[in-house]
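One structure is given here, and the rest of the page talks about it.
Protein chains: 2
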Amino acid sequence: MVLAAIAARIGARHVHGPDAVEPRYLDDESGGAAGRPAGVVRPGDTAEVAFVLATCHAAGQPVVVQGGRTGMTRAALPRDGELILSLERIATVEAVDAVAGVMTVGAGCVLATAQAAAAEAGWWLAVDIGARGSCTIGGMIATNAGGHQVLRHGMMRDQLLGLEAVLADGTVVSAMNRLLKNNSGYDLKQLFVGAEGTLGVVTRAVLRLRPPAIRRETALCALDDYAGAVALLGRLDRALPGQLGAFELMWDEFLSAASALPGGSRPFAVQPPLAALVEIEGQADGALAAALEACLADGVIADAVIAQSERDHQRLWTVRDAIGPLVEAMPLVEPFDVSVALQAIGPLVDQLRRALSAELPGSRPLFFGHIADGNLHLALALADEAQRAAAERIVYEAVGAMDGSISAEHGIGMLKRAWLGLSRSATEIALMRQLRGALDPKGILNPGRIFTGQPGAA
Amino acid sequence: MVLAAIAARIGARHVHGPDAVEPRYLDDESGGAAGRPAGVVRPGDTAEVAFVLATCHAAGQPVVVQGGRTGMTRAALPRDGELILSLERIATVEAVDAVAGVMTVGAGCVLATAQAAAAEAGWWLAVDIGARGSCTIGGMIATNAGGHQVLRHGMMRDQLLGLEAVLADGTVVSAMNRLLKNNSGYDLKQLFVGAEGTLGVVTRAVLRLRPPAIRRETALCALDDYAGAVALLGRLDRALPGQLGAFELMWDEFLSAASALPGGSRPFAVQPPLAALVEIEGQADGALAAALEACLADGVIADAVIAQSERDHQRLWTVRDAIGPLVEAMPLVEPFDVSVALQAIGPLVDQLRRALSAELPGSRPLFFGHIADGNLHLALALADEAQRAAAERIVYEAVGAMDGSISAEHGIGMLKRAWLGLSRSATEIALMRQLRGALDPKGILNPGRIFTGQPGAA
Numbered sequence: 135m136v137l138a139a140i141a142a143r144i145g146a147r148h149v150h151g152p153d154a155v156e157p158r159y160l161d162d163e164s165g166g167a168a169g170r171p172a173g174v175v176r177p178g179d180t181a182e183v184a185f186v187l188a189t190c191h192a193a194g195q196p197v198v199v200q201g202g203r204t205g206m207t208r209a210a211l212p213r214d215g216e217l218i219l220s221l222e223r224i225a226t227v228e229a230v231d232a233v234a235g236v237m238t239v240g241a242g243c244v245l246a247t248a249q250a251a252a253a254e255a256g257w258w259l260a261v262d263i264g265a266r267g268s269c270t271i272g273g274m275i276a277t278n279a280g281g282h283q284v285l286r287h288g289m290m291r292d293q294l295l296g297l298e299a300v301l302a303d304g305t306v307v308s309a310m311n312r313l314l315k316n317n318s319g320y321d322l323k324q325l326f327v328g329a330e331g332t333l334g335v336v337t338r339a340v341l342r343l344r345p346p347a348i349r350r351e352t353a354l355c356a357l358d359d360y361a362g363a364v365a366l367l368g369r370l371d372r373a374l375p376g377q378l379g380a381f382e383l384m385w386d387e388f389l390s391a392a393s394a395l396p397g398g399s400r401p402f403a404v405q406p407p408l409a410a411l412v413e414i415e416g417q418a419d420g421a422l423a424a425a426l427e428a429c430l431a432d433g434v435i436a437d438a439v440i441a442q443s444e445r446d447h448q449r450l451w452t453v454r455d456a457i458g459p460l461v462e463a464m465p466l467v468e469p470f471d472v473s474v475a476l477q478a479i480g481p482l483v484d485q486l487r488r489a490l491s492a493e494l495p496g497s498r499p500l501f502f503g504h505i506a507d508g509n510l511h512l513a514l515a516l517a518d519e520a521q522r523a524a525a526e527r528i529v530y531e532a533v534g535a536m537d538g539s540i541s542a543e544h545g546i547g548m549l550k551r552a553w554l555g556l557s558r559s560a561t562e563i564a565l566m567r568q569l570r571g572a573l574d575p576k577g578i579l580n581p582g583r584i585f586t587g588q589p590g591a592a
Numbered sequence: 135m136v137l138a139a140i141a142a143r144i145g146a147r148h149v150h151g152p153d154a155v156e157p158r159y160l161d162d163e164s165g166g167a168a169g170r171p172a173g174v175v176r177p178g179d180t181a182e183v184a185f186v187l188a189t190c191h192a193a194g195q196p197v198v199v200q201g202g203r204t205g206m207t208r209a210a211l212p213r214d215g216e217l218i219l220s221l222e223r224i225a226t227v228e229a230v231d232a233v234a235g236v237m238t239v240g241a242g243c244v245l246a247t248a249q250a251a252a253a254e255a256g257w258w259l260a261v262d263i264g265a266r267g268s269c270t271i272g273g274m275i276a277t278n279a280g281g282h283q284v285l286r287h288g289m290m291r292d293q294l295l296g297l298e299a300v301l302a303d304g305t306v307v308s309a310m311n312r313l314l315k316n317n318s319g320y321d322l323k324q325l326f327v328g329a330e331g332t333l334g335v336v337t338r339a340v341l342r343l344r345p346p347a348i349r350r351e352t353a354l355c356a357l358d359d360y361a362g363a364v365a366l367l368g369r370l371d372r373a374l375p376g377q378l379g380a381f382e383l384m385w386d387e388f389l390s391a392a393s394a395l396p397g398g399s400r401p402f403a404v405q406p407p408l409a410a411l412v413e414i415e416g417q418a419d420g421a422l423a424a425a426l427e428a429c430l431a432d433g434v435i436a437d438a439v440i441a442q443s444e445r446d447h448q449r450l451w452t453v454r455d456a457i458g459p460l461v462e463a464m465p466l467v468e469p470f471d472v473s474v475a476l477q478a479i480g481p482l483v484d485q486l487r488r489a490l491s492a493e494l495p496g497s498r499p500l501f502f503g504h505i506a507d508g509n510l511h512l513a514l515a516l517a518d519e520a521q522r523a524a525a526e527r528i529v530y531e532a533v534g535a536m537d538g539s540i541s542a543e544h545g546i547g548m549l550k551r552a553w554l555g556l557s558r559s560a561t562e563i564a565l566m567r568q569l570r571g572a573l574d575p576k577g578i579l580n581p582g583r584i585f586t587g588q589p590g591a592a
């Protein structure tokens, strides 16, 4: 009934029943298994999305919203009986205003396509993540994507000026603001950022662009301990305010594993306990070198390798980018993405290292992170699948005890919902549920994501 | 009944009936007249605020929330029968984390006090507005305050990491996040930013601090036309990415009036049609001068005065700061604060200049603005009070026709609510009302602000 009505409105070739769902709709980056969906629909514009949701709302049909399916938390992975709503046909770069630096895109637009359109107009879309070739702008809004450029320009929320969204009952909310400053009433777009599709479906977006980065300096610094990393960050932040573009810290397990890779680089004669890859943008030549010189003289850092060429720059990033092949080589891995206060990251690593070693024999942790954002990543190689639940408990309880977040960048989805209470107060979760209930009273939009025990939750 | 119950909980000396309300509670910066309030209560902590609101909610008693009463839109001005809830006793700087650069304050804390505490810890609270000696952090959150430093560090929303708020029924929502990145569920604090106290009462806040600005260069540039201003902005933004701290454009009526003031400065031998006060932060000496040299050679600017000393810097700012004495000297003034797309500001000024001159004889406009933010200010001297309504119509309808905002920084309050539909779509306003209805079903919090026709609206 639902599928037939939708097919009559958006065209039968954009509607497929449960037996005709192509495999690509049943997979994401979380490694989880999809259920058997009710079908897939691919509306071509906001009005068609509104029709789809109004129809589903009337019928009580649960819906799972899909962008590029590159999420890490199973938010977009279909469950039994859910209708897949794919935004892939709403993918146009509608306009780039090259004077004001503002871009309008469909939610299904792939990040790399948007980045290229911005660059062609002489601007820069200042969010970048590894999944750029597949992830979509709508998905990045729904998850408030972070990535490599957060330090200077913030997360996806900070690039978003306006949007159009469809509520669960098919109501279209058009909030296509293009202005940097607009204090006329509630800033409604904020509701949909990071809500993982549970409050509405974003169909179009207005993004703020930045002037392209010019001039870049990169260095890899050897550090004796975590306190040294905090001191280095503070020194650079003050010597070069607003110019730090990257500060990627790697702990010794990570450095050892990276240098042991085929073709792995060993930038220091003796491997330090920690190394920080730092990059500044926009400053005149030699500013980073001068600042590091002073840090070396004062004993803040033990050594530094400063890139003298684009090739040096690439070589230094090879150390950090080793995480890709390292994770590939792990038969069983759990990727953690947490945040705690800057000064708590070092103690957290020490604590986790001890606890994992004691409680999960044979597991192997690699610690690294965007520490200037308080963000620690841990790629944990597990000895067997049975260790996974214990690993989550060990890491999330430690993070919760430090008032940290169980998800800095990736979101909650279905994977982390059981742990939400470690990062959010009971009063916060109650208010989240109240909002969810007000905007989607039947709970048809991405049910079971973020919250446990929702209508339709597994 | 309500007052007696509250007095029993928070102490009689913090509760005053309608006949004992001190005059300071009846005044703000909007020039409007207060009604006769039901009294004033001054709770001392979040729990007491919760008690006050639970009591008012049960009794259907409308409440007006007050911080420093420096708002421009009558949001905090009491109306007949409203109970004044003052946050002035919740004003402590609770903590400054000098390592992470994070500050925790009570909502009633005055901005200047918070700024001083940040500075003492070696950090910088990167919001600043003229009312700094009176305005409070809670009021700045409720209005999403802008001010002099938006270009580099954003508005109040961008300084806010976490908050505690009390909903209309007395429910406390504790969301005291201290993390830069936290994607665990909805980012609830966003709801309360810019909501002008209609969704909840903010009682405490966690603010992000920045390293103090070092090195500053200032210049005043003479421009032939608005296109030149846009070109200059583009050039500086690309030559000195992320370093522009101020870009204040002044049109010729403004420049003439400023130079005619007693002691007024006349920086150029021949007054240009437009002048831009530009400032960069964080760059090595001479970078601004070099960039302006190139702009001069290419004909982007007609002339420039570059500050060579702190005294020069002060003298250049005197031109922009002339707005204070100029407005003081106007017997009748309407202050407009609008935003449109960058390239639309020049045409908007031309259009308004013609329309105001034709329709409001004897009125005198001064145009100036933070144009890099798309923000135009217009201080309009009126010939008589009867011109006010026509002036609002002329300005807001022109802004609305350009998809602009009737309030870039100041908010809506009671003053601009009739014009809200010019800046927000009907679907946006409907969703705002839905949120309001969900969180404050009886409409007791700041009724009649932002929206017309609310329960309790005038």
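Order-wise, the sequence lines are chains A and B.
Quick note: the first sequence uses our numbering, first residue 135, plus one each step.
Quick note: the second sequence uses our numbering, first residue 135, plus one each step.
C-beta: ideal position from N, C-alpha, C; glycine also.
Straight-line Cα distance separating residue j from residue i
{"i": "residue 590/B", "j": "residue 192/B", "result": "Reliability of the predicted coordinates at residue 590/B is poor, the pLDDT of 39 falling under 50, and the value obtained from them is presented with this limitation in mind. Cα to Cα, the separation comes out at about 16 Å."}
{"i": "residue 461/A", "j": "residue 513/A", "result": "7 Å"}
{"i": "residue 472/A", "j": "residue 149/A", "result": "39 Å"}
{"i": "residue 315/B", "j": "residue 159/B", "result": "39 Å"}
{"i": "residue 267/B", "j": "residue 245/B", "result": "7 Å"}
{"i": "residue 592/B", "j": "residue 371/B", "result": "Per-residue confidence for residue 592/B stands at a pLDDT of 35, beneath the threshold of 50, marking its modelled position as unreliable; the derived number appears in the next sentence. Cα to Cα, residue 592/B sits roughly 46 Å from residue 371/B."}
{"i": "residue 124/B", "j": "residue 157/B", "result": "Since the first and last residues shown for chain B are 135 and 592, residue 124/B lies out of range."}
{"i": "residue 79/A", "j": "residue 221/A", "result": "Lying outside 135 to 592, the shown extent of chain A, residue 79/A is not represented and no answer is given."}
{"i": "residue 253/B", "j": "residue 477/A", "result": "20 Å"}
Classification of residue i by the beta-carbon crowding that lies within 10 angstroms, buried from 16 upward
{"i": "residue 138/B", "result": "exposed"}
{"i": "residue 432/A", "result": "exposed"}
{"i": "residue 204/B", "result": "buried"}
{"i": "residue 521/B", "result": "buried"}
{"i": "residue 448/A", "result": "exposed"}
{"i": "residue 523/A", "result": "exposed"}
{"i": "residue 380/A", "result": "buried"}
DSSP three-state assignment for residue i, whether helix, strand or coil
{"i": "residue 285/A", "result": "helix"}
{"i": "residue 452/B", "result": "helix"}
{"i": "residue 543/B", "result": "coil"}
{"i": "residue 277/A", "result": "helix"}
{"i": "residue 112/B", "result": "Only positions 135 to 592 of chain B appear in this structure, which leaves residue 112/B out of reach."}
{"i": "residue 200/A", "result": "strand"}
{"i": "residue 257/B", "result": "coil"}
{"i": "residue 483/A", "result": "helix"}
{"i": "residue 231/A", "result": "strand"}
{"i": "residue 382/B", "result": "strand"}
{"i": "residue 220/B", "result": "strand"}
{"i": "residue 237/B", "result": "strand"}
{"i": "residue 570/A", "result": "helix"}
Sheet register partners of residue i (DSSP bridge)
{"i": "residue 308/A", "result": "298/A"}
{"i": "residue 553/B", "result": "None; residue 553/B has no bridge partner."}
{"i": "residue 351/B", "result": "414/B"}
{"i": "residue 511/A", "result": "471/A, 502/A"}
Stretch pair the stretch 374-381 of chain B + the stretch 321-337 of chain B: three plus CB contacts closer than 8 Å: no
Residues within the stretch 249-266 of chain A neighbouring chain E, beta-carbon criterion of under 8 Å: This model lacks chain E altogether; the protein chains it does include are A and B.
Given 8 Å, three or more beta-carbon pairs between the stretch 297-307 of chain A and the stretch 562-579 of chain A: yes
Validate contact between the stretch 408-415 of chain A and the stretch 381-392 of chain A using beta carbons, cut 8 Å, 3 pairs: yes
contact_flag[the stretch 440-454 of chain B, the stretch 524-542 of chain B] where n(CB pairs < 8 Å) is 3 or more: no
The stretch 462-481 of chain B contacting the stretch 338-358 of chain B, beta-carbon criterion three pairs below 8 Å: no
Meets three-Cβ-pair contact criterion under 8 Å: the stretch 139-146 of chain B and the stretch 556-576 of chain A: no
Inter-stretch contact (C-beta, 8 Å, three-pair minimum) for the stretch 361-369 of chain A and the stretch 275-282 of chain A: no
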